[in-house]
Amino acid sequence: MLALVASASVLVSLLVYAYHVLAQFQRPSPIDAKNVLILTAHPDDECMFFGPTITALRSMSKARLHVLCLSTGNADGLGATRKKELTRSCQVFGIPPSNVKAIDHPELQDGMREMWSPRLIASLVKEYVTKQKIDTIITFDDYGVSGHPNHIAAYKGAKTYAESCNNGIQLFKLSSIGLARKYIGIGDMAVIGASGQVWPSSAVVFVSSPGLYLVTHKAMRRHVSQLVWFRWLYVTFSRYMFVNQLVAVSPPPP
908 MLALVASASV LVSLLVYAYH VLAQFQRPSP IDAKNVLILT AHPDDECMFF
958 GPTITALRSM SKARLHVLCL STGNADGLGA TRKKELTRSC QVFGIPPSNV
1008 KAIDHPELQD GMREMWSPRL IASLVKEYVT KQKIDTIITF DDYGVSGHPN
1058 HIAAYKGAKT YAESCNNGIQ LFKLSSIGLA RKYIGIGDMA VIGASGQVWP
1108 SSAVVFVSSP GLYLVTHKAM RRHVSQLVWF RWLYVTFSRY MFVNQLVAVS
1158 PPPP
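The sequence shown begins at 908 in this note's numbering and counts up one residue at a time.
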């Protein structure tokens, strides 16, 4: 009986996954933008969490993509190395070095105990947005996928900026999900297929095809300093390597 249920779940997952992959490329990009900023906290976040969004936007739209990383990931003294790895990773995604920036600020250092100021982040975001004429920002939500305080601060800083700028900028947050769904890869598609409430109608959903997943996997392999055993498991099983669900924060959904 258990084997039958497992087989049915795998079949449903594959069918729902195939449907969303095929349907995604039959319609225009759900995000109307010219210059999109992916706001991250650490080098490798762009791969580990935002790969489906980056590859989808590269494939479905003509928007110019930018990555602004709020730290160099220097918790283990590898900041200079990780900064270079970020640039190489983004090149795999087709994002030129001129559109990639990692900030090394004394008040924005990598660490679970480092509390970053949303106001400081907002000011740095404002500077980059103004210079690059950004019209859309995509970042973490208020849980930050893993609960990492630096991820959460990135969201709070972006939200602080969006609420104060009054320039019509679009802000999207990457929805966090429970641990049980986080590490079942496309198996999560069975959950989606079983409940129409998993994705709100206001959500923007990007699902990576096998080819686009491999692009993200290749980009992650440019972060050589971070390729310890458990990250290999992550890039193999994490749902965020295959699916991103974005929710509009500003302007708020109707």
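Beta carbons are placed, not taken as given, at the ideal position from N, Cα and C, and that holds for glycine.
Only a predicted model underlies this, so the values are computations on that prediction, with no experimental measurement involved.
Counting only the same chain and skipping the five closest in sequence on each side, list residues whose C-beta sits under 7 Å from that of residue i.
| i | result |
| --- | --- |
| Gln1104 | Note that Gln1104 scores a pLDDT of 49, beneath 50, so its modelled location is shaky; the value from the coordinates is reported in the next line. So no residue of the chain qualifies. |
| Asp1017 | His949, Ser978, Gly980, Asn981, Ala982 and Asn1057 |
| Ala877 | Outside the shown range of the chain, which is 908 to 1161, sits residue 877, and nothing can be said about it. |
| Tyr1141 | Met955 |
I believe residue i touches residue j by the beta-carbon criterion, under 8 Å. Please report the beta-carbon distance rounded to the nearest angstrom.
| i | j | result |
| --- | --- | --- |
| Thr1123 | Ser1115 | 7 Å |
| Val943 | Leu972 | 5 Å |
| Phe957 | Ile945 | 5 Å |
| Ile1028 | Ala1061 | 7 Å |
| Ser968 | Ser1005 | Their Cβ separation, rounded to whole angstroms, is 19 Å, which puts Ser968 and Ser1005 out of contact at 8 Å. |
| Ser1157 | Ala1069 | 4 Å |
| Lys1033 | Cys1072 | 7 Å |
| Val1135 | Pro959 | The pair is not a contact, with the Cβ atoms about 23 Å apart (cut-off 8 Å). |
| His1055 | Met1022 | With 8 Å as the limit, His1055 and Met1022 do not qualify as a contact, their Cβ atoms being about 12 Å apart. |
Tell me, please, which residues DSSP counts as bridged to residue i.
| i | result |
| --- | --- |
| Phe1137 | DSSP lists no partner for Phe1137. |
| Phe1047 | Leu1081 |
| Val1114 | Val1150 |
| Thr947 | Cys976 |
| Ala940 | Looking at the DSSP assignment, Ala940 forms no beta bridge with any residue, so it has no partner. |
| Ala1155 | Phe1079 |
Would residue i and residue j qualify as a contact pair, given that the criterion is a beta-carbon distance under 8 Å?
| i | j | result |
| --- | --- | --- |
| Thr1067 | Arg1128 | no |
| Tyr1050 | Ser1083 | yes |
| Lys1089 | Leu1153 | no |
| Ala940 | Asp1095 | no |
| Leu1031 | Ile1010 | yes |
| Arg1146 | Ile1059 | no |
| Ile1076 | Val1111 | no |
Please return the same chain residues whose Cβ sits closer than 6 Å to the Cβ of residue i, not counting the five positions on each side in sequence.
| i | result |
| --- | --- |
| Lys1063 | Pro1025 |
| Ile1044 | Leu944, Leu946, Ala1065 and Leu1078 |
| Lys1008 | Leu975 |
| Ala1087 | none |
| Lys991 | none |
I'd like the list of long-range same chain contacts for residue i, defined as Cβ closer than 8 Å, with 5 residues on each side in sequence excluded.
| i | result |
| --- | --- |
| Glu953 | Ile945, Thr947, Ile961, Val974, Cys976, Leu993, Ser996, Cys997, Phe1000 and Ala1126 |
What are the uninterrupted segments assigned as alpha helix (DSSP H) that are 4 or more residues long and contained completely in the region 963-1042, given in chain order?
986-999 and 1025-1039
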